[in-house]
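I have placed the structure first, in the form of structure tokens, so that the comments after it can refer back to it.
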Ligand code: KIV
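In the working numbering, the protein residues as written are 64 to 338.
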């Protein structure tokens, strides 16, 4: 059954946890979909884990559409949420609606995600009014990394915690169907989860959120540039890949690959006529 924004609403009502994972390509999305994840986020984290940038600021609309469309082709049942990249919505309400529309029309997403609280509520309202579901993102919002001065836990002071709660209420009021809480103390995330009617999806926000999201390369142990405290490695796929790559290199070098069973045959009399 296809997950929709109604699945999210129902899950919060029933107290059922939601699962979200990032993906950036068809094959990975298909595997996650088959595993039964509720939602796949085509995160602008693709700038880090797929394109090797040190932050998400250089990610373009074209990158998001290209990867979004690949994921959408692989995800039959998961709700596909595509990130709006840096400066695709901050500039104006008009830009926000046009670019959200492109992520739906060309990227074939089911929803978009954007970062920020009260300051982006006019954009959230306008996108939702255009019939496009919006997931909000609060706490450590990586597009503002320069303003934060690094990857730091957010909402730790009374003022910052109050602002986070107010922002969560504001994005709900503006029409967001869910809100990601990134790098927020557990007790504050628990409070936000209680105060808002929309599902909270945590990443580094404890287990009291209505759902969880992780970057799949982190979960599979495939990305070693930077591993935040909140990551749990469910497998060491990076090591498995490295071992397979070095076995391939060794076998090509010593001639044991390709072996007989990997060859195609031709009749000997055809070959003889070629000499
Ligand atoms: O871009 C991304 O992958 C995200 C998640 C970390 C929530 O926004």
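Ideal placement from N, C-alpha and C gives every residue a C-beta, glycine not left out.
Predicted, not measured: the structure shown is a model, and the values here were computed from it.
Give the range of the beta strand (DSSP E) segment to which residue i is assigned.
i           : result
residue 350 : Absent from the model: residue 350. The displayed extent of the chain is 64 to 338, so no value can be given.
residue 306 : It is not in any beta strand (DSSP E) - residue 306 instead sits in the alpha helix (DSSP H) that spans 300-317.
residue 176 : 174-178
residue 132 : Counting along the chain, residue 132 falls outside any beta strand (DSSP E), though it belongs to the alpha helix (DSSP H) covering 124-137.
residue 266 : 263-266
Measure the CB-CB distance between residue i and residue j and report whether it falls below 8 Å.
i           : j           : result
residue 247 : residue 274 : no
residue 320 : residue 314 : yes
residue 264 : residue 255 : no
residue 137 : residue 96  : yes
residue 243 : residue 261 : no
residue 232 : residue 259 : yes
residue 269 : residue 249 : yes
residue 102 : residue 141 : yes
residue 272 : residue 237 : no
residue 189 : residue 234 : no
residue 298 : residue 318 : no
residue 302 : residue 267 : no
As a quick exercise: from the options, pick the residue whose alpha carbon is nearest that of residue i.
i           : options               : result
residue 118 : 109, 68, 285 and 291  : 109
residue 174 : 228, 197 and 232      : 197
residue 240 : 276, 87 and 144       : 144
residue 339 : 82, 68 and 238        : Not covered by the structure: residue 339. The range shown for the chain is 64 to 338.
residue 5   : 74, 187, 224 and 176  : For the chain, the structure presents residues 64 to 338; residue 5 sits outside this window and is missing.
residue 187 : 220, 230, 338 and 122 : 230
residue 128 : 149, 105, 113 and 139 : 105
residue 201 : 223, 271 and 195      : 223
residue 150 : 178, 301 and 167      : 178
residue 84  : 278, 190 and 161      : 278
residue 288 : 113, 323, 325 and 204 : 113
residue 163 : 182, 194 and 301      : 194
residue 281 : 126, 158, 86 and 257  : 86
residue 257 : 68, 216 and 78        : 78
residue 216 : 192, 306, 203 and 160 : 203
residue 172 : 180, 134 and 182      : 134
residue 207 : 180, 228 and 220      : 180
residue 157 : 123, 192 and 304      : 192
Helix, strand or coil for residue i per DSSP?
i           : result
residue 81  : strand
residue 253 : helix
residue 69  : helix
residue 213 : coil
residue 201 : strand
residue 333 : helix
residue 206 : helix
residue 245 : strand
residue 102 : strand
residue 110 : helix
residue 288 : coil
residue 94  : helix
residue 146 : strand
residue 153 : coil
residue 276 : strand
residue 270 : coil
residue 183 : helix
residue 381 : The requested residue 381 is not part of the displayed model; the chain covers only 64 to 338.
residue 294 : coil
residue 233 : helix
residue 140 : coil
residue 191 : helix
residue 224 : helix
residue 32  : The structure shown has nothing for residue 32, since the chain only spans 64 to 338.
residue 338 : coil
residue 16  : The structure shown does not extend to residue 16, since the chain is modelled only from 64 to 338, so the question has no answer here.
residue 74  : helix
Please confirm whether any heavy atom of the ligand NAD lies closer than 7 Å to the CB of residue i.
i           : result
residue 250 : Absence of the ligand NAD from the depicted structure is noted, with the ligand KIV being the only ligands included.
What first and last residue would you give for the alpha helix (DSSP H) that runs through residue i?
i           : result
residue 282 : 279-282
residue 156 : 156-168
Where the beta carbon is closer than 7 Å to any heavy atom of the ligand KIV, which residues qualify, in chain order? For the ligand KIV, the selected residues are 85, 104, 106, 107, 108, 119, 146, 176, 200, 205, 243, 245, 266, 276 and 278.
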